[in-house]
Amino acid sequence: MAEKTITIQATRFDPDKDARPHLQSYEIPFIDESMVVLDALNYIKTHVDGSLSYRWSCRMGICGSCGMMINGQSKLSCSAFLRDYWPKPILVEPLNNFPIIRDLVIDMEDFMHKLKSIKPWIIRKTEIPLGSGEHRQTNAQIDDFRQFSECINCMLCYSACPVYGLNNEFRGPAAIALARRYNHDSRDEGTKERLPVIADAEGVWECSFVGECSVVCPKGVDPAKAIQQSKLDTSLRFVVPFGNRE
Amino acid sequence: MAEESGNTRVYRKTMPPSWWTRKAHYFWYVVREFSALPLAIWLLLLLGEIRSAANGPAGYHPLGGTGFVIFSVIALFFSLYHSYTFLSLSGAIIHFKVIDRQFPSWPIVWAQMIMWAIVSAFIIWALWWFST
Amino acid sequence: MHMFWWFMFAQGGVIAALLLPAHILVQGILGPLGGMPVADRHYETWVSALHNPIVKLYLIVLISVPFFHFAHRLRYLVVDFGVHEAKGMWAQVGFYGTSVAITIVTIWIVWTTAPIDIGALHLLG
Ligand code: SF4
Ligand code: FES
């Protein structure tokens, strides 16, 4: 029996030579049912074409660095099984909505800047002295923000968001979900400090609730929910004068 | 389009206005948003009907005609789609706590759907009742 | 201002979602086709309904509030189709101003058509 193979069509872009990206096809052996797209790329890099560039690290959906467009869908390439696509060819492109640096590598400068802009750390009015022991939280208090703290910064949500695609100024799904993660942490007192960035025209109000961010999120963060709840809360802050303040 | 950023050259794709045809989910999102247009037109027609009641019995023209009924059927589709998406999505967004616990969203969604059914039945009844 | 328009958008969305399908079904389809007797098919019944202050208030809410929802959605939809200008001040004045204007016109039409009979109210009281 002939060996089973699968075709990978990957985006190639060399900033020093190419005017625009183009596709290159690789036919590689598909020997193991547990192979994922990232394994295929690694095979190409070691056996076929060492110049193919892409990011990866953990191979297990934890580090968030291997996000790509796989047949047009935002996916972690380490979690996309070849068996789900075979025998059709698989189209592997860099994440949508980001500038392409080389091949499948995108520029995440903007994303990093946005994450930082929402002050993703615990803000206290007065620091609790270290000597006073642990700062305890109940399970219910943790449940308040746990979902939003699962984010692995894979940027799949940004690549799926047409609003971000149309306007790069939009703060975007993961950053707003992260803001909510801190705003809802019982130890945090920084909601007001984050408000200007969140309740800005380029913050939650830019979102029109397409909801695709939550569909593609590999960690169930549901950033769309975080954004809509933030809209509701910011509105209520002003409609209900003394409710919902902190 | 290619552009310089810092000292590396990057390639930036632009979103075509047809982006919403790429995925079924995008398409249904646009349908959801577009529902505003037929519903707005339908309400304006209703307002016109109310206005024509000011013309006296001879000048009153209730809404009717094949074109209007066909348009209403289309508007009804958009309207039901709006109700379904709006009530289920807003149900998932409304969040409050009962005794320190986050209240789950499914009872809220169901309560909204049941409320929708009751309110609709009442409207149908009222429109009939006023005809007698 | 954004949060105010969004708040109105949400209110309009609720009103449209809860009330509109029944009206479209009955007044747009069943009534004209003769499937059931409906108040607005005949002048007398419709006017007597319109005399009722509660009906008036209801119709004003039913017609005007959803326009804040529609204005918001259509403005964002225009942005989605790549018209960046629809985000600007003037587009907002245009879209939300239209819904304010429709609200005023609705109040005026509903108020002046089959006006509330103050005398009759007095008798009731
Ligand atoms: S919210 Fe989800 S999709 Fe977005 S970066 Fe975080 S893990 Fe990835
Ligand atoms: S390689 Fe780490 S998430 Fe895929």
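Which chain is which? The protein sequence lines are A, B and C, in order. Numbering follows the working numbering, with no gaps: position 189 of the first sequence is 250. Numbering follows the working numbering, with no gaps: position 77 of the second sequence is 829. Numbering follows the working numbering, with no gaps: position 1 of the third sequence is 1415. Each residue gets a CB set at the ideal place from its N, CA and C atoms; glycine is no exception. Note that the structure is predicted; figures quoted are calculated from it, not measured.
- Around the ligand FES, the residues selected by a Cβ distance under 7 Å to any of its heavy atoms are Leu-99(A), Trp-117(A), Ser-118(A), Cys-119(A), Arg-120(A), Met-121(A), Gly-122(A), Ile-123(A), Cys-124(A), Gly-125(A), Ser-126(A), Cys-127(A), Leu-137(A), Ser-138(A), Cys-139(A), Ser-140(A), Ile-213(A) and Cys-215(A), following chain order.
- In the three-state scheme derived from DSSP, where H, G and I count as helix and E and B as strand, Arg-163(A) is classed as strand.
- Assignment of beta-bridge partners to His-83(A) by DSSP yields Arg-73(A).
- Excluding the 5 residues flanking it on each side, Pro-790(B) has same chain C-beta neighbours closer than 7 Å at Ile-826, Ala-827 and Phe-830, in chain order.
- Out of Phe-270(A), Lys-280(A) and Leu-293(A), the CA that lies nearest to the CA of His-777(B) is found in Phe-270(A).
- For Val-871(B), the enclosing alpha helix (DSSP H) starts and ends at 857-881.
- Within chain B, the residues Ile-802 and Ala-805 have their CB atoms less than 8 Å from the CB of Leu-1464(C), given in chain order.
- Burial check for Arg-853(B): the Cβ neighbour count within 10 Å stays below 16, so the residue is exposed.
- Close CB contacts of Gly-1426(C) within its chain, under the 6 Å cut and outside five residues either way in sequence, are with Val-1479, Pro-1480, Phe-1482 and His-1483 (chain order).
- In this structure Val-782(B) is in contact with Trp-772(B), their Cβ atoms being roughly 5 Å apart against a cut-off of 8 Å.
- No heavy atom of the ligand SF4 is found nearer than 6 Å to the CB of Val-1519(C).
- Membership of Ser-112(A) in any beta strand (DSSP E) is not indicated, and neither H nor E is assigned to it by DSSP.
- Between the ligand SF4 and Ala-235(A), a heavy atom-to-CB distance of less than 6 Å is present.
- Taking a Cβ-Cβ cut-off of 8 Å, the neighbours of Val-762(B) in chain A comprise Pro-76, Pro-160, Ile-161, Ile-162 and Asp-168, given in sequence order.
- Not flagged as an interface residue toward chain C: Thr-252(A), since no C-beta distance is shorter than 7 Å.
- Of all residues in the stretch 842-865 of chain B, only Ala-844, Ile-845, His-847, Asp-852, Arg-853 and Gln-854 place a beta-carbon less than 7 Å from a beta-carbon of chain A.
- Within the stretch 74-105 of chain A, the residues whose Cβ lies closer than 9 Å to any Cβ of chain B are, in chain order, Phe-74, Pro-76, Asp-77, Asp-79, Ala-80, Arg-81 and Pro-82.
- Straight through space, the alpha carbons of Leu-1444(C) and Ser-824(B) are spaced by roughly 10 Å.
- Less than 7 Å separates the beta-carbon of Gln-198(A) from that of Ser-247(A).
- Glu-1458(C) sits exposed, since fewer than 16 C-beta atoms from the chains shown fall within 10 Å of its C-beta.
- Between the alpha carbons of Phe-142(A) and Gly-133(A) lies a gap of roughly 15 Å.
- Per DSSP, the beta-bridge partners of Arg-853(B) are Val-850(B).
- Residue range 818-845 is occupied by the alpha helix (DSSP H) that includes Ile-826(B).
- In summary, the residues of the stretch 274-294 of chain A whose CB is separated from some CB of chain B by less than 7 Å are Val-276, Lys-286, Gln-289, Gln-290 and Leu-293, in the order they occur in the chain.
- Proximity of Trp-877(B) to chain A, defined by a Cβ-Cβ separation below 7 Å, is not satisfied.
- Between Lys-175(A) and Arg-232(A), the C-beta gap is smaller than 7 Å, which places the two residues in contact.
- For Ala-260(A), the chain C residues whose C-beta falls within less than 9 Å of its own C-beta are His-1416 and Met-1417, listed in chain order.
- About 6 Å separates the CB atoms of Trp-1419(C) and Tyr-1510(C); that is less than 8 Å, so the two are in contact.
- Secondary structure note for Gly-128(A): its beta strand (DSSP E) is the uninterrupted segment 128-131.
- Using a CB distance below 8 Å, the part of the stretch 767-790 of chain B facing chain A consists of Met-767, Trp-771, Trp-772, Arg-774, Lys-775, His-777, Tyr-778, Tyr-781 and Glu-785, ordered along the chain.
- Per DSSP, the unbroken beta strand (DSSP E) holding Ser-135(A) starts and ends at 134-137.
- Taking 9 Å as the Cβ-Cβ cut-off, the stretch 219-234 of chain A approaches chain C at Pro-223, Val-224, Leu-227 and Asn-228, given in chain order.
- For Leu-815(B), the secondary structure class from DSSP, reduced to helix, strand or coil, is coil.
- Less than 7 Å divides the Cβ of Ser-220(A) from the Cβ of Asn-158(A).
- The Cβ neighbour count for Cys-119(A), taken over all protein chains shown within 10 Å, is under 16; the residue is labelled exposed.
- With a 10 Å radius around the Cβ and a threshold of 16 neighbouring Cβ atoms, Val-109(A) comes out exposed.
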